[in-house]
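Have a look at the structure below, then the notes.
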Amino acid sequence: SGDGGLYAELLQNRAFQQVTPNTAASLNAWSAINGGQISVVADSVPVSNSLPNSLRFTVPAGRTGQVGFANSGFFGMKIVASSTYKGSFFVKFPTASSFTGNLIVGLRTTSGSTIVSQTVPIRGASTSWQQISVSLTPRTPPPSTDNQFFVTIDGAAASGQTINFAMFSLFPPTFKNRANGMRDDIATALAEMKPKFFRFPGGNNLVRSLGQTVPTRWQWNATIGSLLDRPVRPRLCYSQRHDVTNVFFSGLGLLEYLLFCEDLGMEPIMAVWAGFALGGTSVAQNGLQPYIQQAIDQINFAIGDPATTARRAALGRAQPFKLTYVEIGNEDFFASDTYTYRWPAFVNALRGAFPNLKFIATSNINSPVLSPNPAQWDHHVYQTPTWFAQNSFFYDDMPRNGVTFFEGEYAAISTNPNDIFGSPANGRLTFSTMQSASGEAAYMIGMERNSDIVFAASYAPLLGHVAGSQWTPNLIAFDTGNVYRSASYFVQKLFSTNMGNEYIPSTLPSRTGTAFWGVTRNTATGEIIIKVSNTVAAQANLTFVLPFANVATSGSLQVLTGAATASNSPTTPSALAPATRTITTGKTFTFAAAGFSVNVITIKAS
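If you're matching positions, the sequence shown starts at 1 in full-length UniProt numbering and goes up one per residue.
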C-alpha cells in the first residue's frame with residue numbers, strides 16, 4: 001500500500017537494493033531497448049553506501065537507432081496529459097573516454113511509441129556520479145496505463161560505450177505538491193473522509209518483513225534524510241503477480257508520515273518497536289536498552305525541542321510536530337509472555353522522558369495483567385458481519401475506571417465464522433460488501449455510544465492494490481490508474497463527516513436485534529444526528545421521539561444501501577454510494593430503514 005500505492009514514486013526497483021548483482025531477478029521491472037546490454041553490478045564506487053549497486057549499460061557494436069532500457073513501474077504507469085513528471089537519476093562513465101553525446105529520457109508506451117521525451121547531454125570524461133533531472137510534460141494522453149520510463153542513446157554514435165546509472169526516480173504531481181510525496185488520487189480519497197488521526201508506520205510494517213527478524217524491523221532513523229542514504233528492508237511479497245520487488249523503498253519514512261498527517265489535518269498515533277519480531281523472537285529483558293533509546297530518539301525526532309533535535313531541523317522542519325499518543329509495539333498478544341517485561345521497560349522509560357504523552361498497550365486487554373496498568377489499550381478484531389452486529393455492545397460492558405480504548409484494527413472480512421482468515425472460496429471477502437459494511441456500522445454505533453472510553457477507531461487495512469495485496473478486503477482498493485472506494489469507505493466517511501459532540505441517551509437497540517441506532521448532537525450547529533444500521537434484508541421500522549421543544553419538520557437523510565453481496569470493485573466501481581434526500585421529521589417521526597442499509601439523519605432541533 002506504500003510502494004506502488006500511496007507513495008507516489010512510479011519506478012519499481014529504482015535503486016537495485018537488496019538484489020544479487022548479475023542475476024535476472026536484479027533487473028526486475030527493467031528491460032533492454034533495441035539490443036542494449038544491461039546488468040546490475042556491485043559498483044566499485046557506488047553512489048552511496050546505502051546504494052551499493054548500479055545499472056551497467058553497454059551499447060553493442062554495430063547497433064543503429066536508439067538503444068537503451070526502460071522501467072515498467074508498478075503494473076504500468078498512469079500518464080496524464082499536461083501533468084509534469086519529475087525524473088532524476090545518477091550517471092557516470094566507469095572509464096573515461098572522449099565520447100560526447102545525448103541521452104533521450106522520456107515516457108513511452110510498451111509498444112514503443114514515445115509519449116514525451118527530453119534530450120540530456122553527457123560526456124565520457126564524467127567518471128564521477130552526476131545527477132540528471134528532467135521534467136516531462138506530455139501533450140496528449142496515452143491510450144492505457146501500459147507505459148514505461150525510458151533512457152536511450154544513439155546506437156551508432158555510442159557504439160561500444162559503457163555507462164553506469166544509479167538511483168532513478170520519477171514522480172507525478174503529488175498531493176499538495178509535496179516533494180517525495182503521496183499519490184494524489186489516493187490521498188484525495190483519504191482527505192474526503194476527513195480522517196481525525198493516522199496510525200503509522202502500520203501494524204505489521206513495524207514488526208514484520210522478510211525473515212521477520214529483529215534486524216529487519218522498521219527503524220525510524222533509516223527512513224529519514226536523503227533518499228541516497230536510506231537503506232531498504234526486505235519484505236514479504238504477497239503480490240498476485242511475480243514482478244514486484246521484494247523490498248520496502250524507505251522513501252515513505254517518518255518525516256513523510258508526519259507531514260502527511262499535517263496535510264490532512266490528522267492527529268498522529270505513532271508506534272515504536274517494542275522488542276518483538278513477528279518471526280517469534282523477543283529481545284531478552286537485559287538487552288532492551290538500545291531499543292528503548294531508539295524509541296526515545298524516534299519520539300524526540302517528532303516532538304523534541306529544535307535546539308536539541310538537530311536532525312529534524314536539518315531536514316527543514318524546526319517546529320515540533322503534534323503528538324499525543326504513542327503505541328508500544330503491535331499485536332503483542334503474539335508474545336504476551338515477554339510483553340510482561342517489555343511493556344514496563346518501555347513505558348517507564350518513555351513516561352519518564354515524555355510525561356505528557358499517552359502510551360498504548362498492544363497485548364490482549366488485561367490478558368496477561370500488565371504492570372504498570374495501561375491507561376490505553378489497542379484492540380484488534382477481524383470477524384464476520386454478523387459478529388460485528390452481535391457485538392455492538394462490546395464496550396458497554398467495559399468498566400469505567402479511567403482506562404480508554406483504541407480500536408486500532410477492525411473489519412468484517414469473511415462470512416464464514418469457522419474460517420475467518422480463509423480463502424475467497426471459503427467465505428473470505430475480496431471487497432467489502434453492503435452486508436459487511438452494515439455490520440461494521442452497527443459496531444461503530446456501539447463505539448460512538450461508548451465514546452467516553454473509546455477514543456479512536458480505524459478500519460484496517462487502509463489500502464490495497466487490486467493486483468498486489470497481501471490482504472482483503474481493504475478500505476480503499478486501487479490499481480495503476482484508479483481508486484475504488486469501498487462500501488466500508490463510505491460508512492467510515494458517513495460517520496467521520498457526521499459527528500456530534502454530545503451523546504443523546506435513547507432507548508437502546510436490542511442486543512440480539514438486527515437494527516441498531518445512536519443519537520448525537522452537534523451543539524455548535526444545533527443539529528441532531530441519528531445513525532441507523534440495518535444488518536438484514538428485511539426493512540426495519542423505527543420511531544424516534546426527540547426530547548426538544550423545537551424540532552424541524554424535515555431533515556436530511558444520507559443512505560447507503562444495496563444487495564447484501566453488492567460491492568465496489570474494478571468491474572463494478574460505483575455499485576454502492578450514499579444518496580441524499582429530504583425526509584419528514586418532527587418531535588415524533590417514523591423511519592423505515594431499508595434492508596442492508598446505513599443511514600444518517602440530520603435534523604435541526606433546539
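For each residue, glycine too, the CB sits at the ideal point set by N, CA and C. Treat the numbers as computed from the prediction; the structure is a model and nothing was measured.
Residues near Gln212 by beta carbon distance below 6 angstroms, same chain, minus five either side: If you number the sequence shown from 1, residue 212 lands on position 212. These residues qualify, in order along the chain: Ala277, Leu278 and Gly279.
message: According to DSSP, Leu463 sits in a beta bridge with which residue or residues?
response: For the purposes of this step, residue 463 is identified with residue 463 of the sequence shown, where counting begins at 1. Per DSSP, Ile476.
- request: Please classify Ala592: does DSSP put it in a helix, a strand, or coil?
  value: Against the sequence shown, residue 592 aligns to sequence position 592. Residue state, collapsed to three classes: strand.
field: Beta-carbon proximity check, Val551 vs Lys493, cutoff 8 angstroms
entry: The residue given as residue 551 occupies position 551 in the sequence shown. The residue given as residue 493 occupies position 493 in the sequence shown. Contact: no.
Under the three-state DSSP convention, the category Ile365 falls into: In the sequence shown, the residue the question calls residue 365 occupies position 365. In the displayed model, Ile365 falls within coil according to three-state DSSP, outside both helix and strand.
- request: Can you tell me which of the three DSSP states Arg317 falls into?
  value: As a working note, residue 317 is residue 317 in the sequence shown. Looking at Arg317 - three-state DSSP - the assignment turns out to be coil, as it is neither helix nor strand.
- prompt: In three-state DSSP terms, what is Leu429?
  reply: Translated into the one-based positions of the sequence shown, residue 429 becomes position 429. Looking at Leu429 - three-state DSSP - the assignment turns out to be coil, as it is neither helix nor strand.
- request: Can you check DSSP and say which residues form a bridge with Ser82?
  value: Within the sequence shown, residue 82 is the residue found at index 82, counting from 1. BP columns for Ser82 are empty, so no partner.
message: Do Thr100 and residue 622 count as a contact pair if the criterion is CB distance below 8 angstroms?
response: The structure shown does not extend to residue 622, since the chain is modelled only from 1 through 606, so no value can be given for it.
- prompt: Can the beta-carbon of Ile269 be found closer than 8 angstroms to that of Leu350?
  reply: Numbered from its first residue, the sequence shown carries residue 269 at position 269. Numbered from its first residue, the sequence shown carries residue 350 at position 350. Cβ distance not < 8 angstroms, so Ile269 and Leu350 don't count as in contact.
- prompt: Roughly how many angstroms separate the alpha carbons of Phe150 and Pro374, rounded to a whole number?
  reply: Taking the sequence shown and counting its residues from 1, the one referred to as residue 150 is at position 150. Taking the sequence shown and counting its residues from 1, the one referred to as residue 374 is at position 374. Taking the straight line joining both Cα atoms gives about 54 angstroms.
task: Identify every run of the alpha helix (DSSP H) within the stretch 479–533, keeping only runs that are complete inside it and at least 4 residues long; order them along the chain.
output: Within the stretch 479–533, the complete alpha helix (DSSP H) runs of at least 4 residues fall at 487–496.
- request: In angstroms with no decimal places, state the Cα-to-Cα distance between Thr561 and Gly73.
  value: For this step, residue 561 is matched to residue 561 along the sequence shown. For this step, residue 73 is matched to residue 73 along the sequence shown. Distance between the alpha carbons of Thr561 and Gly73: 37 angstroms.
- request: Going by CA-CA distance only, name the one from Pro424, Trp343 and Phe478 that's closest to Ala8.
  value: Translated into the one-based positions of the sequence shown, residue 8 becomes position 8. With distances taken between Cα atoms, Ala8 lies closest to Phe478.
- prompt: Comparing alpha-carbon positions, which option in Gln558, Thr110, Thr114 and Arg123 lies nearest Lys92?
  reply: To locate residue 92, count along the sequence shown from 1; it is residue 92. Nearest C-alpha to Lys92: Arg123.
task: On a CA-only basis, which of Thr507, Ala361, Val532 and Tyr503 is nearest Ala437? Give me that one, please.
output: Within the sequence shown, numbered from 1, the residue matching residue 437 stands at position 437. Nearest C-alpha to Ala437: Val532.
- prompt: Which term fits Val272, buried or exposed, when burial requires 16 or more other beta carbons within 10 angstroms of its beta carbon?
  reply: As a working note, residue 272 is residue 272 in the sequence shown. Under this definition Val272 is a buried residue.
Nearest neighbour of Ala524, chosen from Arg63, Thr415, Gly500 and Ala302 [CA to CA]: Within the sequence shown, residue 524 is the residue found at index 524, counting from 1. It is Gly500.
message: So, under 8 angstroms CB-CB, Gly65 and Gly155 are touching, yes? Tell me the CB distance rounded to an integer number of Å.
response: One-based indexing of the sequence shown puts residue 65 at position 65. One-based indexing of the sequence shown puts residue 155 at position 155. About 6 angstroms separates the two Cβ atoms, so the contact holds.
- request: Leaving out five residues on either side along the sequence, give the residues of the same chain with a beta carbon under 8 angstroms from the beta carbon of Ile299.
  value: The count along the sequence shown starts at 1 and reaches residue 299 at position 299. Only Met270, Val272, Leu323, Val326, Leu350, Ala353, Phe354 and Leu357 meet the Cβ criterion.
message: In whole angstroms, give me the CA-to-CA distance for Val483 and Ser432.
response: Taking the first residue of the sequence shown as 1, we reach residue 483 at position 483. Taking the first residue of the sequence shown as 1, we reach residue 432 at position 432. For Val483 and Ser432, the gap between their C-alpha atoms comes out near 14 angstroms.
query: From Ser133, Ser144, Gln17 and Lys196, pick the residue whose C-alpha is nearest to that of Val120; which is it?
result: As a working note, residue 120 is residue 120 in the sequence shown. The shortest Cα separation from Val120 among Ser133, Ser144, Gln17 and Lys196 belongs to Ser133.
- request: For my contact list, Ala597 and Asn534 are in at a C-beta cut-off of 8 angstroms; report their separation, rounded to the angstrom.
  value: Position 597 of the sequence shown, counted from the start, is the residue given in the question as residue 597. Position 534 of the sequence shown, counted from the start, is the residue given in the question as residue 534. Per the sequence shown, residue 597 should be read as Ser rather than Ala. At roughly 5 angstroms, the Cβ-Cβ gap stays under 8 angstroms, so Ser597 and Asn534 are in contact.
message: Please list the terminal residues of the continuous beta strand (DSSP E) segment that includes Arg56.
response: On the sequence shown, position 56 is the one that residue 56 refers to. It spans Asn53 to Thr58 - the beta strand (DSSP E) in which Arg56 sits, taken as one unbroken run.
message: Between the alpha carbons of Arg199 and Phe405, how many angstroms are there, rounded?
response: As a working mapping, residue 199 is identified with position 199 in the sequence shown. As a working mapping, residue 405 is identified with position 405 in the sequence shown. Rounded to the nearest angstrom, the two C-alpha atoms are 14 angstroms apart.
task: Decide if Leu315 is buried, meaning its Cβ has at least 16 other Cβ atoms within 10 Å, or exposed.
output: One-based indexing of the sequence shown puts residue 315 at position 315. It is exposed - the Cβ of Leu315 has fewer than 16 other Cβ atoms within 10 Å.
task: Determine the direct distance from the alpha carbon of Thr543 to that of Phe591, and round the result to whole angstroms.
output: Looking up residue 591 in the sequence shown gives position 591. Looking up residue 543 in the sequence shown gives position 543. Each residue's Cα considered, the two are about 6 angstroms apart.
query: Taking just the CA atoms, how far does Ala310 sit from Phe421?
result: As a first step, residue 421 is located in the sequence shown; it is residue number 421 there, counting from the start. As a first step, residue 310 is located in the sequence shown; it is residue number 310 there, counting from the start. Cα-Cα distance, rounded: 45 angstroms.
DSSP-derived helix/strand/coil call for Gly408: Numbered from its first residue, the sequence shown carries residue 408 at position 408. If DSSP states are grouped into helix, strand and coil, Gly408 belongs with the strands.
- prompt: Is there contact between the stretch 411–426 and the stretch 374–393, where contact requires at least three CB pairs shorter than 8 angstroms?
  reply: yes
- prompt: With a CB to CB cut of under 8 angstroms and the five nearest residues on each side skipped, what residues in its chain are close to Asn53?
  reply: For the purposes of this step, residue 53 is taken as residue 53 along the sequence shown, with counting starting at 1. Apart from sequence neighbours up to five positions away, the residues of its chain that approach Asn53 with a beta-carbon distance below 8 angstroms are Ala15, Phe16, Gln17, Val19, Pro21, Ser26, Val40, Val41, Ala42, Asp43, Pro46 and Ala166, ordered along the chain.
query: Among residues of its own chain, excluding the 5 on either side of Thr23, which ones have a beta-carbon nearer than 8 angstroms to its beta-carbon?
result: The sequence position of residue 23 within the sequence shown is 23, counting from 1. Excluding positions up to five away in sequence, the list reads Val40.
- request: Let me know if Ala29 comes out buried or exposed under the rule of 16 or more other beta-carbons within 10 Å of its beta-carbon.
  value: Taking the sequence shown and counting its residues from 1, one reaches residue 29 at position 29. That one is buried.
query: What's the C-alpha gap between Ser510 and Met434?
result: Position 510 of the sequence shown holds residue 510. Position 434 of the sequence shown holds residue 434. Spanning the two alpha carbons is a distance of roughly 21 angstroms.
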